[in-house]
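Each remark here refers to the structure printed beneath this line.
In UniProt numbering, the protein residues as written are 1 to 122.
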């Protein structure tokens, strides 16, 4: 169902700029639900999606994931996002760099985000 990207190893992760690939909705308590399309095949989208209750799968994020997702707007790099999350959540999110880089690595592997610098290299 989900394709995986390879991990980024040759670049400094803190200098990369994450860009969201999917839309999202805000739910209660500023929690984010990422809307992942059920089908990407044009035939399935045309014939099956109208019969389904919802054309998207909701992937719900926790408090820290929601904050990081909202800050990944394509303008801030990972280092800036880490600094903002640390000032917003304080000691509760430590070790911030490890947690945020692991979170963005998982989002990148499942193609929820891409990185601006990697898109420019292609």
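Think of the CB as a built atom: it goes at the ideal place given N, C-alpha and C, for glycine as much as any other residue. All values reported here derive from a predicted model rather than from experimental measurement.
Beta bridge counterpart(s) of residue i as assigned by DSSP
i: residue 115; result: 18
i: residue 35; result: 23 and 58
Status (buried if at least 16 other CB within 10 Å, exposed otherwise) for residue i
i: residue 90; result: exposed
i: residue 113; result: buried
i: residue 55; result: exposed
i: residue 95; result: exposed
i: residue 65; result: buried
i: residue 25; result: exposed
Inter-residue Cα distance where the pair is residue i and residue j
i: residue 1; j: residue 110; result: For residue 1, the predicted model reports a pLDDT of 48, less than 50, meaning its position is unreliable; a value from the coordinates is still stated below. In a straight line, the C-alpha of residue 1 is about 10 Å away from that of residue 110.
i: residue 104; j: residue 16; result: 10 Å
i: residue 97; j: residue 87; result: 13 Å
i: residue 152; j: residue 72; result: Nothing in the structure corresponds to residue 152, since the chain is present only between 1 and 122.
i: residue 92; j: residue 11; result: 28 Å
Selected residue, minimal CA-CA separation from residue i, among the options
i: residue 107; options: 14, 11, 12 and 21; result: 21
i: residue 37; options: 57, 19 and 26; result: 57
i: residue 63; options: 93, 73, 31 and 92; result: 31
Q. Which parts of the segment 72–122 are runs of the alpha helix (DSSP H), unbroken and 4 residues or longer, counting only runs that do not cross its ends?
A. 78–89, 96–109 and 116–121
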